[in-house]
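Be aware that the sequence shown starts at 89, since it is given in the working numbering, and climbs by one per residue.
Everything on this sheet refers to the single structure shown next.
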Amino acid sequence: MDLVTLDDIRSAAGRVGPVVFRTPLVPTWDEGLWVKPESLQPVGSFKLRGATNAVARLDPAARARGVVTHSSGNHGQALAYAARAVGAPCTVVVPQGAPQIKIDQIRAYGAEIVLVPPAERLVEAGRIAADTGRTMVPPYDHRDVIAGQGTIGLEIVADLPDVDVVLVPVGGGGLASGVATAVKTLRPSTAVIGVEPELAADARDSLATGEVVVWDVEQTWRTSADGLRTHLSPLTLAHLRARLDGIVTVSEEEIAATLGRLVREARLVAEPSGAVALAARLFRAADLPAGRTVAVISGGNVDSAVLQTVLER
89 MDLVTLDDIR SAAGRVGPVV FRTPLVPTWD EGLWVKPESL QPVGSFKLRG ATNAVARLDP
149 AARARGVVTH SSGNHGQALA YAARAVGAPC TVVVPQGAPQ IKIDQIRAYG AEIVLVPPAE
209 RLVEAGRIAA DTGRTMVPPY DHRDVIAGQG TIGLEIVADL PDVDVVLVPV GGGGLASGVA
269 TAVKTLRPST AVIGVEPELA ADARDSLATG EVVVWDVEQT WRTSADGLRT HLSPLTLAHL
329 RARLDGIVTV SEEEIAATLG RLVREARLVA EPSGAVALAA RLFRAADLPA GRTVAVISGG
389 NVDSAVLQTV LER
């Protein structure tokens, strides 16, 4: 399989630089622990990096026809934002039950929304692409998307050259694939660990078996981490098998506790998906390598009701 390289990621950095906010490493209450708050991106998540790189790589004719994707919210927002910036039409197929805050923002960026049952989103996006000639830009199963997400890894190593551990959320695997590629190439001694919810631990199972394992929608929909309900693709599994050092899972209780702590002690707002990496450091430290650690906060598009519940705990 043709895996993304460090050169691909460096090229992507040049394309996304004018659009993407270079998020800082923020020190936490724990010495030797930093967070990288991708929640501060203009669209509230890391997804802007991959979407911007993919749209920038389209030729003018393809941009004029537009783009389409399927997304629970964050990638849809990012692609809508990136498409609007170049005047390209955008359609986002969203699973029913996605957070309303994410649906509203996708619309605000000018994209057309198509709501479907969760199990039908991929098929419907493919149908739209075939009928309209629009380019499919999937949330993670795409080399340009992976390369864009990998720019996070470049920044982590540049800002903390002696980083020992990088913790990154895993849903479809695009973020972890890109970050692991950049970090392990630049600093092979650094451990890159994936983190996912216990209620959607299909990546753990995929890495254990060596093939993509798909959990039923009814199972993955139990987790509050809506951005991590997707499964790996053969492309992302190949990256993670080659470059990820391990994977751990966290509970719903641990995710919720981490959300509250981020607000109270770091003054940062995260969504459940964005909090899982830090939750691993706070609650599963015994399962992780020791040393200077960066946890990627992948997004902050949290539903107000979810945030209120967490803060009232």
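C-beta: ideal position from N, C-alpha, C; glycine also.
Treat the numbers as computed from the prediction; the structure is a model and nothing was measured.
Residues bridged to residue i by DSSP?
i      : result
Ile425 : What the structure shows of the chain is the stretch from 89 to 401, and residue 425 is not part of that stretch, so it cannot be assessed.
Pro115 : Trp122
Met89  : According to DSSP, Met89 bridges with nothing at all.
Thr223 : Val155
Output yes or no for whether 8 Å exceeds the beta carbon distance between residue i and residue j.
i      : j      : result
Leu274 : Val225 : no
Trp122 : Leu113 : yes
Leu287 : Ala270 : no
Leu248 : Ser386 : no
Trp309 : Pro206 : yes
Val382 : Val283 : no
Thr223 : Arg153 : yes
Ala367 : Val338 : yes
Gly315 : Gly259 : yes
Val251 : Val267 : no
Gly116 : Pro227 : According to the sequence provided, residue 116 is Thr. The question's Gly does not apply to it. Not closer than 8 Å, so no.
Gly261 : Thr220 : no
Val336 : Asp375 : yes
Ser321 : Val300 : yes
Lys190 : Gln165 : yes
Gly105 : Arg380 : no
Pro177 : Ala171 : yes
Val256 : Asp333 : no
Val384 : Gly348 : no
Pro285 : Glu341 : no
Val107 : Ala173 : yes
Could you give the DSSP three-state label for residue i: helix, strand or coil?
i      : result
His158 : strand
Glu400 : coil
Glu299 : coil
Ser445 : Outside the modelled stretch of the chain, which goes from 89 to 401, sits residue 445, for which no answer is possible.
Pro183 : strand
Pro322 : helix
Ser62  : The structure shown does not extend to residue 62, since the chain is modelled only from 89 to 401, so the question has no answer here.
If you follow the beta strand (DSSP E) that residue i is part of, which residue opens it and which one closes it?
i      : result
Pro125 : 121-125
Thr273 : Here Thr273 belongs to no beta strand (DSSP E); instead the alpha helix (DSSP H) covers 262-274.
Val382 : 381-385
Val202 : 200-204
Val258 : Careful: Val258 lies outside any beta strand (DSSP E) and carries neither H nor E.
With respect to the alpha helix (DSSP H) encompassing residue i, which residues constitute its N-terminal and C-terminal limits?
i      : result
Glu212 : 209-220
Leu366 : 360-371
Ala344 : 340-349
Val305 : 305-308
Thr239 : 239-247
Leu316 : Where Leu316 is concerned, there is no enclosing alpha helix (DSSP H), given that its DSSP letter is neither H nor E.
Val104 : 94-104
Arg195 : 188-196
(request) Spell out a yes or no on whether the stretch 283-297 and the stretch 321-329 are touching, meaning 3 or more CB-CB pairs, one atom from each, closer than 8 Å. (result) With a cut-off of 8 Å, the stretch 321-329 and the stretch 283-297 count as touching, because enough Cβ pairs lie within range.
(request) Please determine if the stretch 198-216 and the stretch 172-183 are in contact, where contact requires at least 3 C-beta pairs separated by less than 8 Å. (result) yes
(message) Would the stretch 385-401 count as touching the stretch 140-153 if we require 3 or more Cβ pairs under 8 Å?
(response) no
(message) With a threshold of 8 Å, are at least 3 pairs of Cβ atoms found where one atom belongs to the stretch 230-245 and the other to the stretch 208-219?
(response) no
(message) Contact between the stretch 147-161 and the stretch 183-197 is defined here as three or more beta-carbon pairs at a separation below 8 Å; is this criterion met?
(response) When C-beta atoms of the stretch 147-161 are compared with those of the stretch 183-197, three or more pairs fall below 8 Å, so the two segments count as touching.
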